[in-house]
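In my numbering, the protein residues as written are 7 to 640.
#1: Grouping DSSP H, G and I as helix and E and B as strand, with all else coil, what is residue 149?
#2: Could one say the Cβ of residue 613 lies closer than 7 Å to chain B's Cβ atoms, at least one of them?
#3: Would you call residue 122 buried or exposed, if buried means 16 or more other Cβ atoms sit within 10 Å of its Cβ?
#4: Would residue 52 pass as a contact of residue 82 if the rule is Cβ separation under 7 Å?
#5: Kindly indicate which three-state DSSP category residue 597 falls into: helix, strand or coil?
#6: Cβ atoms of residue 180 and residue 193: under 7 Å apart, would you say?
#7: Less than 7 Å between the beta carbons of residue 525 and residue 531, yes or no?
#8: Within 10 angstroms of the Cβ of residue 210, are there 16 or more other Cβ atoms? Answer buried if so, exposed if not.
#9: Any idea what DSSP makes of residue 578, helix, strand or coil?
#10: Just the C-alpha distance for residue 120 and residue 610, rounded to the nearest angstrom, thanks.
#11: Which residue from 150, 147, 634, 566 puts its Cα closest to that of residue 601?
#12: Hey, could you find the ends of the beta strand (DSSP E) residue 190 is sitting in?
#13: By the three-class DSSP mapping on this structure, what secondary structure does residue 28 have?
#14: Under the three-state reduction of DSSP, which class applies to residue 320: helix, strand or coil?
#15: Is the distance from the Cβ of residue 586 to the Cβ of residue 577 below 7 Å?
#16: DSSP three-state call for residue 334: helix, strand or coil?
#17: Tell me which residues share the same chain as residue 508 and place their Cβ nearer than 7 Å to its Cβ, disregarding the 5 neighbours each side in the sequence.
#18: Please go through the same chain and pick out, in chain order, the residues whose beta-carbon is closer than 6 Å to the beta-carbon of residue 39, but skip the five residues on each side of it.
#19: With 16 as the cutoff for other CB atoms within 10 Å, does residue 550 come out buried or exposed?
#20: For the alpha helix (DSSP H) that residue 215 lies in, which residues bound it at each end?
#21: Could you pull the DSSP bridge partners for residue 169 from this structure?
#22: Just list the residues that DSSP pairs residue 130 with in beta bridges.
#23: Can you find the residues in the same chain that come closer than 6 Å, C-beta to C-beta, to residue 478, ignoring five residues on each side of it along the sequence?
#24: I need the DSSP call for residue 55, collapsed to helix, strand or coil.
#25: Who does residue 569 pair with in a DSSP beta bridge?
#26: Rounded to the nearest angstrom, how far is the Cβ of residue 50 from that of residue 71, given a contact under 8 Å?
#27: So what's residue 45 in DSSP terms, helix, strand or just coil?
#28: If residue 405 sits next to residue 426, beta carbons under 8 Å apart, how far is it from one beta carbon to the other, in whole angstroms?
#29: Would the beta-carbon of residue 624 fall within 7 Å of that of residue 592?
#30: Label residue 480 either buried or exposed according to how many other C-beta atoms from any shown protein chain fall within 10 Å of its C-beta, with 16 as the threshold for buried.
#31: Would you mind working out which of 453, 400, 472, 464 sits nearest residue 86, comparing C-alpha positions?
#32: Since residue 519 is in the beta strand (DSSP E), which residue starts that stretch and which ends it?
#33: Under a Cβ-count criterion, where at least 16 other Cβ atoms within 10 Å of its own Cβ denotes burial, should residue 62 be classed as buried or exposed?
#34: Under three-state DSSP, which class holds residue 327?
#35: Given this structure, state the Cα-to-Cα distance separating residue 628 from residue 226, to the nearest angstrom.
#36: For residue 237, which residues from the same chain have a beta carbon less than 8 Å from its beta carbon, with the 5 sequence-adjacent residues on both sides left out?
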C-alpha cells in the first residue's frame, strides 16, 4: 500500500469523510463529510437518527444532505432526521438529489412531516453542478444519465459526487518566526493571511519565510453503482471532472467489484448487506437487552450474532463493535489533508457503555413488579412481541411504536411499524432462519395514524422482505390516506414492490379479523381490534386520550395494549398533546374488565423502571409496563 495511506490522527482543524451506515438491516450505507464549520451527509437510510444520537454525532452543524438516488435504502431515514433537526438550532438546510427529490420533499411536507422551524431548500439535479459548501469544501454533482435520454425515470436516475477539498495555507514554523524576531500577536496573524510584514528594525518578512508550502486537499468519489449501465457511465464521465492524481478515496455505497479504477486510490465498500451484520449499531440498546434478559428470564429474546449455525447464546459486544471489516468499520475517518489518510474511530465517537448503562445495572435491586408486575406470561401458543415501546422519537433503549402479534409459525401481523422495525425484528430473532421465517409469516401491517413514529418503518421492511423472499405472499398494509400517498410514492419512485395497500378500514386477513374504531388523537387516528374467532381478542388503542370507544372495544378482551405516554403528574401535557397517562390507562382497563393490560408508548423523558403504582382497583399482576423485545405468551 502507498505510504500516503498509513494510519494516523486527524488534526483538530481537519476535514474528513466518515463512514456511517453499512447494512440494510441496520443503518444502510451512508457517510458524512465533516469540517470545522459544518456537516454534509450523503444518503439517510433507516435508523440514521437513532444511530447519530447513540454515537454522539451531533445534528447542530448539518448543512446539507445529498442523495445518490431515491431508493428505499437511501431515503427512508430522512423524515425522522428532519424532524429531529427541526428541534435543534438549525434554521435552514439544503437537500440535493436526482429528479424526483422535489416531489418527494413536497409530499412529505404536505402529509405527515410537519416542520415548525426548519426551512428546506431543494436542489434537483439534471446537469453537472458545482456546490460550494464552505471555504475549501466543494461538492461536484454528476448525474449518471445519458445525454440522449428523453424521459427520466427516478428509479434509474443516480448522482455521483466528488468531494473536492481545496488548497489550505501551510503550517507556520513558530521557531523560525521567533528567530526572525517576530513577536506573538497581530503580525503573526498577518503572515498567516498571506501578507508581508515590516519589523521595528525595518526588516521585511514575507509569508514564505515562515509558512510552509500550501497543503493540497484530497478528492473523494462517492458512488452507488447498481448495474453495468451505471458502471459504464461512471467510467466515461468521472474522469472529466476529477483530478485523479488527488483522488485518494472512492466510497462505494453499493457493492460492485467490477469498478476498480485508480489503483492508487483507497476503495471503501460500505455495503455489507450481502451477509448478516456483524456490527452492532445500537450498543446501548443491545446491552440493555442483555441486562434485562439476565434479570427477567424469558421476558426478552436475544439473537446470535451470525444468525447461522452458531452455538453461543450471547454476543461478545466489544468484539462485535469492530465488525467483520477489520480495516474500515463504521465511523472510520478518512482525512482529506495531510499524509496520514485513515484514522480509526475517535474517542468521541466511541460510546462508553459502562457509564451510559450504569442506571440500567442499578435496576437489579428493584423488585420485579416495579418493572413487570409478577410477569408470568411465558407460556402459550401465541405471542405479542413488543418491538418498540417509546413515544415520538427513538431513544437509546426504546425504539418507536411497533408490535408483532404471532398467531402461529405461519401467521403474524404488525400493529404499527415505526422506523427501525425491521432491525428490531432481526435483533429479536434467535437465528437467521428464524428471522426469515418471521418475515415470511407477516400477513398484514396495520397503522393507527399518520404520525411518523408509527409508520416510517413500512418501506424498509416490505422492500427487504421482497428482496429475500421474492415469492412470499404479498403483505396487506392498512393505513391512513396520508401515509398511503407516501408509501405509493416511494415504492413507485424506487422500484415497484409487491404490497397490497388498503384503505384505513376494517378487514379480514386470514386468520385475523381486524376492526378499526375511532379514537381521540388526530383526525385519522384509530384503535385496532384483532380477533381470531373463538381463540383470542386483542385491542390496541394507538395514540389517544381516554375514550369510550376503547372501553367498548376492549370489554372482556384478552389483552388491552394501551398507550401511557405520561405520568399522572404530567396530566396537562397528556391533555395538550392528546395522550393518556399511566393511571388513566389502568382505569380504562378496569372499566373494560380486560384480562391483561400492556402499557406502551412511554415518553422518552422517563427512565426505567416505569412507575405503575396507581390507586385504581385493578390487579397489579395483570399490568405489564412493556420494554422493547418483551415477549408475552398467551
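Even for Gly, the Cβ is constructed at its ideal location relative to N, Cα and C.
Looking at the atomic coordinates:
#1: strand
#2: The chain labelled as chain B is not found in the depicted structure, where only one protein chain is given.
#3: exposed
#4: yes
#5: helix
#6: no
#7: yes
#8: exposed
#9: helix
#10: 20 Å
#11: 566
#12: Element bounds for residue 190: n/a, residue is neither H nor E.
#13: coil
#14: Because the pLDDT of residue 320 is 28, which lies under 50, any placement of that residue in the model is unreliable, and the number read from its coordinates should be weighed accordingly. DSSP places residue 320 in coil when its eight states are reduced to three.
#15: no
#16: coil
#17: 482, 483, 484
#18: 23, 46, 169
#19: buried
#20: 213-216
#21: 145, 226
#22: 103
#23: 446
#24: helix
#25: 606
#26: 6 Å
#27: strand
#28: 5 Å
#29: yes
#30: exposed
#31: 400
#32: 518-524
#33: exposed
#34: Only weak support is given to the placement of residue 327: the predicted model assigns it a pLDDT of 30, under 50, and the question is left unresolved by the model.
#35: 58 Å
#36: 231, 262, 264, 265
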